[in-house]
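Engineer: Quick one: the structure is below, questions incoming.
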Amino acid sequence: AHRAFDLGLHVLCEKPLATRLADAAALLEHAVRARRVVFPCHNYKHAPVVTAIRGIIASGRIGKVRSVTLGTFRNTHAKGVTEWNTHWRRKVRYSGGGIAMDHGSHTFYLTFEWMGGWPTAVTAKMANQEPEKWDTEDNFSAVLTFPSGLADVHLTWTAGVRKVIYTVQGERGAITVDDDELQLATMRATGGADVAQGAVTWDVERRTIESDWMDASHTRWFNAMFDKFLQAIETGDFAGEEAQDAYRCLEIITTAYRSAGEGCRELPLGAPPGADGRIA
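For the sequence shown, the working numbering begins at 43 and goes up steadily by one.
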C-alpha cells in the first residue's frame, strides 16, 4: 500500500488494515500526505439484510438503539489457496491472530454504525480448541462499552452450522436477523395493566431478504462498496470513514487480545488522537 501511494495510486485493500496498530496509523497518515485514498473492504455493510437494518434504524421505528448482539458462526476457518498456504489464518506468523483478526472487523464496524459511535472500553475472552494443531484462537467473545449502551460479540470457527445472528434492541422495538430472515418487533401501548412487560404489546413483521450468507465470496455485495470507493476518490476523502473505522477495529482487536491475556480485564480504548477523533 505504501508503494502504491508513492506511485500515485489509490488503495483498495483487505481488512484489517494491518496486524499492528502503529502500522495502520502510518498507512492512514501516508494516504493523507500522498493525497490518495485508502479504502478497506468493509463489504458486510452492503449485505442486503444489513442495508435493511440501516433503513429501519434510520426510520426511528425502534427508537434509540440501546444494545446489539452479533454472532458469527462458522464450522471452520476460511481456507487460502492451495498454491501457497491453505491454513494461513490459523498460523499467527502469517495472520497476526485468529478469528478475531479475521472476522472482528466485519463485526465491529457494524456495531459502530448501529450504536452511533465508537466504543470506549472492551473486555474479551478467547480460546483455541485445537492447540496441538494451530496457534490462533478459534473462539472469541467480547463486550464493547459505548456511550449509548453495550455490544455483545461472539465469533467461532467451531460451530455446528454456518450462520449469522444479529439483534438490535431499541427503546421502542427490536430487530432480529437470522441469516436472510429479518424480524421487526415494534412496541405498542395497550392501555392494560402495567405488569410483566408493561402495558404494551408488539407488532411483528417478518421478511426474507436474500443476502447470500452461504456464499463466502459475497460477490453481490461488492458493487455498492466499489461505488463508495469511487465516491471517496472523487471527493478527496483520503482517510475517510471506512479507514477511520478500520483503525478503530484494529484497536479493538489488539486491545481485546490484551484483555483476554489479562483474565478478561476491561480495558479502555484509546482517546481520540485528534479533536474530531480522526487518526489522520
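We treat Cβ as the ideally placed atom computed from N, Cα and C, and that holds for glycine.
The structure displayed is predicted, hence computed values, not measured ones.
#1: Starting from the Cα of Val210, find the closest Cα among Gly105, Ala64, Ala73 and Gln286 and give me that residue.
#2: Taking the runs of the beta strand (DSSP E) that are 3 residues or longer, which of them lie wholly in the stretch 222-298?
#3: Need the endpoints of the beta strand (DSSP E) that Arg96 sits in, please.
#4: Return yes when the Cβ of Val242 is within less than 9 Å of the Cβ of Ala231, no when it is not.
#5: Grab the span of the alpha helix (DSSP H) containing Ala64 for me, first residue to last.
#6: When the Cα atoms are used, what is the spatial distance from Thr189 to Gly113?
#7: Between the Cα of Pro310 and those of Ala120, Ala60 and Ile294, spot the shortest distance and give me the residue it belongs to.
#8: Since I believe Thr165 is in contact with Ser301 (beta carbons under 8 Å), could you give me their beta-carbon distance rounded to a whole number of angstroms?
#9: Work out the CA separation of Phe81 and Ala317 for me, nearest whole Å.
#10: Is the CB-CB distance between Arg290 and Trp160 below 9 Å?
#11: Note down, in chain order, each residue of its chain lying with its Cβ closer than 6 Å to the Cβ of Thr228, except the 5 sequence neighbours on either side.
#12: For Thr297, which residues of its own chain have a beta-carbon under 7 Å away from its beta-carbon, when the five flanking residues on both sides are left out?
#13: Measuring only the C-alpha atoms, how far is Thr162 from Ala68?
#14: State the Cα-Cα distance for the pair Ala281 and Gly240, rounded to the nearest angstrom.
Structural biologist: By the coordinates alone:
#1: Nearest option by C-alpha distance: Gly105.
#2: Counting only runs of 3 or more, we get 223-231 and 242-250.
#3: Taken as a continuous stretch (DSSP letters only), Arg96 belongs to no beta strand (DSSP E), being part of the alpha helix (DSSP H) at Pro90 to Ser101.
#4: Between Ala231 and Val242, the C-beta spacing is below 9 Å.
#5: First-last of the alpha helix (DSSP H) with Ala64: Leu63 to Ala76.
#6: Note that residue 189 is Pro in the sequence shown, not Thr. Going by the C-alpha atoms only, they are around 22 Å apart.
#7: If we check each option's Cα against that of Pro310, Ile294 comes out closest.
#8: In this structure, Ser301 and Thr165 form a Cβ contact; the two beta carbons are roughly 5 Å apart against a cut-off of 8 Å.
#9: Caution is warranted here: a pLDDT of 48 is assigned to Ala317, below 50, making its placement in the model unreliable, and no coordinate value can be reported.
#10: With respect to Trp160, Arg290 sits close: the two C-beta atoms are nearer than 9 Å.
#11: Within the same chain, Arg103, Gly215 and Asp245 come within 6 Å of Thr228 by CB-CB distance, once the 5 residues on both sides are set aside.
#12: By the criterion of a C-beta distance shorter than 7 Å, Thr297 is surrounded in its chain by Val164, Leu309 and Leu311, once the five residues flanking it on both sides are discounted.
#13: Whole-angstrom Cα-Cα distance: 22 Å.
#14: Cα to Cα, the separation comes out at about 47 Å.
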